[in-house]
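Under UniProt numbering, think of the first position of the sequence shown as 1, with each following residue one higher.
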Amino acid sequence: MSDETPSRRAAAAFAQTTETGTPVAFADLVALLERIFRRHGTSERVAAILAENCASCERDGSTSHGVFRIPGYVNSLKSGWVDGRAEPTVEEAGPAFLRVDAANGFAQPAFLAARDRLLEMVRESGVAVMAIRNSHHFSALWPDVEPFAREGLVALSFVNSFACVVPPGGKAAVYGTNPMAFATPVAGGDPMVFDQAASSMANGDVRIAAREGHTIPPGSGVDRDGKPTTDPKAVLDGGALLPFGGHKGGSIAFMIEVLAAALTGGKYSREVDWSAHPGAETPCTGQLFIVIDPERGGTGAFADRVAGLIGEVKQAGQDRMPGERRYARRVRTLRDGIPLAPARLAELRALAGDA
Ligand SMILES: NC(=O)C1=CN([C@@H]2O[C@H](COP(=O)(O)OP(=O)(O)OC[C@H]3O[C@@H](n4cnc5c(N)ncnc54)[C@H](OP(=O)(O)O)[C@@H]3O)[C@@H](O)[C@H]2O)C=CC1
Ligand SMILES: O=C([O-])C1=[NH+]CCC1
Numbered sequence: 001m002s003d004e005t006p007s008r009r010a011a012a013a014f015a016q017t018t019e020t021g022t023p024v025a026f027a028d029l030v031a032l033l034e035r036i037f038r039r040h041g042t043s044e045r046v047a048a049i050l051a052e053n054c055a056s057c058e059r060d061g062s063t064s065h066g067v068f069r070i071p072g073y074v075n076s077l078k079s080g081w082v083d084g085r086a087e088p089t090v091e092e093a094g095p096a097f098l099r100v101d102a103a104n105g106f107a108q109p110a111f112l113a114a115r116d117r118l119l120e121m122v123r124e125s126g127v128a129v130m131a132i133r134n135s136h137h138f139s140a141l142w143p144d145v146e147p148f149a150r151e152g153l154v155a156l157s158f159v160n161s162f163a164c165v166v167p168p169g170g171k172a173a174v175y176g177t178n179p180m181a182f183a184t185p186v187a188g189g190d191p192m193v194f195d196q197a198a199s200s201m202a203n204g205d206v207r208i209a210a211r212e213g214h215t216i217p218p219g220s221g222v223d224r225d226g227k228p229t230t231d232p233k234a235v236l237d238g239g240a241l242l243p244f245g246g247h248k249g250g251s252i253a254f255m256i257e258v259l260a261a262a263l264t265g266g267k268y269s270r271e272v273d274w275s276a277h278p279g280a281e282t283p284c285t286g287q288l289f290i291v292i293d294p295e296r297g298g299t300g301a302f303a304d305r306v307a308g309l310i311g312e313v314k315q316a317g318q319d320r321m322p323g324e325r326r327y328a329r330r331v332r333t334l335r336d337g338i339p340l341a342p343a344r345l346a347e348l349r350a351l352a353g354d355a
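Pasting the structure below:
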């Protein structure tokens, strides 16, 4: 399998340093992360949800949003920027529209608080929308959407983040790295899930590249003077990323600001102001879900048709579909343990207060 996206190359470079680390069983990693979250002020429920989510990212090799992010979660909690005990409120805005106020808490517990009702709405109406606001999303999106596809549904999700991406030709960062994810059932196989930033790279991968001393690919970002740079530190220090694919990625970043912020009542990436909370890292914005029952299309063969299309794509020469790398790593790490660099493991144990 080739891994040619710039951010995947950066993540792979990071992953290589951890592949040789201490193998940790998935359940043990979840338990360790849960202790960290509880120790830093989240409720038991929030700790369990975030620990499972973050450990799943590490298990699947989504390293830009795995345990690398734990100090960021902790710093946001310590700074008082995010409420680890927030109680989301769920409101019905119509027969197929849920509005969720995450109350300055994390996005995943807010999402899970409304998920069962969303599923009922999809079964009743064939489609339903969940609009979450005042939510901190600091993770990958695939853990949110993959389970829908395993339940036979098509799901889309969009999140905006904090201003660190300039519009094409622009000088000021307006957009976040703004990921979107899509998940569909596939007959006889795992769901096809793609989950990608609207920027050339995720901010997390730029930070990993800076920490590991790697350059980033040409065309990924600009420095504080708007000049192209391959130095990740210049991007982080007053510079910015570019959207992927020029104006086309710029339009997707724009759409995601509209769907995840304007529509939900969350903040635009540009409006995120954490200056009063030094150390905070989790952007407080919004998230939109659209979930569809594909059986309402009436073909009776939806998942077979998708499987057929994937067959044709591969026959035409694409060596793998999005998600397949993650699934392969999931099998491997559930069997052999998740390799963690000893220094990283020690850091996590210290954050958990382990002796
Ligand atoms: N919460 C937030 O605000 C943000 C979160 N993120 C998260 O960061 C993560 C990384 O984003 P990004 O760097 O854009 O992702 P990548 O470019 O690494 O990957 C994007 C998608 O393309 C797939 N893919 C990668 N290489 C190939 C290939 N050679 N052939 C076919 N498919 C391929 C990946 O599948 P696979 O996973 O199987 O490799 C993935 O679904 C995402 O999970 C995203 O949600 C990003 C920005 C902000
Ligand atoms: O990697 C990224 O771009 C981000 N992850 C969470 C907020 C932004």
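Cβ atoms here follow ideal geometry from the backbone N, Cα and C, with glycine treated the same way.
Check: residue 214 C-beta below 7 Å from any heavy atom of ligand 1 | no
Please classify residue 314: is it buried, with 16 or more other beta-carbons within 10 angstroms of its beta-carbon, or exposed?
-> exposed
Since residue 204 is in the alpha helix (DSSP H), which residue starts that stretch and which ends it?
-> 203–212
In the segment 144–216, which residue ranges form an unbroken beta strand (DSSP E) of at least 3 residues, counting only runs that do not cross its ends?
-> 154–159, 179–184, 192–197
Have a look at residue 2 and residue 271 and give me their C-alpha separation to the nearest angstrom.
-> Here residue 2 scores only 35 on pLDDT, less than 50, and its place in the model should not be relied on; the value that follows carries that caveat. Whole-angstrom Cα-Cα distance: 38 Å.
Cα-Cα, which of 80, 183, 43, 89 is closest to residue 290?
-> 183
What is the rounded straight-line gap between the Cα of residue 74 and the Cα of residue 330?
-> 26 Å
For residue 286, name the three-state secondary structure that DSSP assigns.
-> strand
Select from 86, 155, 278, 229 the residue whose C-alpha is nearest the C-alpha of residue 135.
-> 86
With hydrogens ignored, establish whether the beta-carbon of residue 177 is closer than 7 Å to any heavy atom of ligand 2.
-> yes
Quick one: using the 10 Å Cβ neighbour count with 16 as the cut-off for buried, is residue 215 buried or exposed?
-> exposed
Residue 203 Cβ short of 7 Å to ligand 2 heavy atom set = yes
With 16 other CB atoms within 10 Å as the buried threshold, where does residue 177 fall?
-> buried
Residue 6 - DSSP class collapsed to helix/strand/coil = In this prediction, residue 6 scores a pLDDT of 44, lower than 50, which makes its location untrustworthy; no coordinate-derived value is stated.
Short check: CB of residue 129 to CB of residue 260, under 8 Å?
-> no
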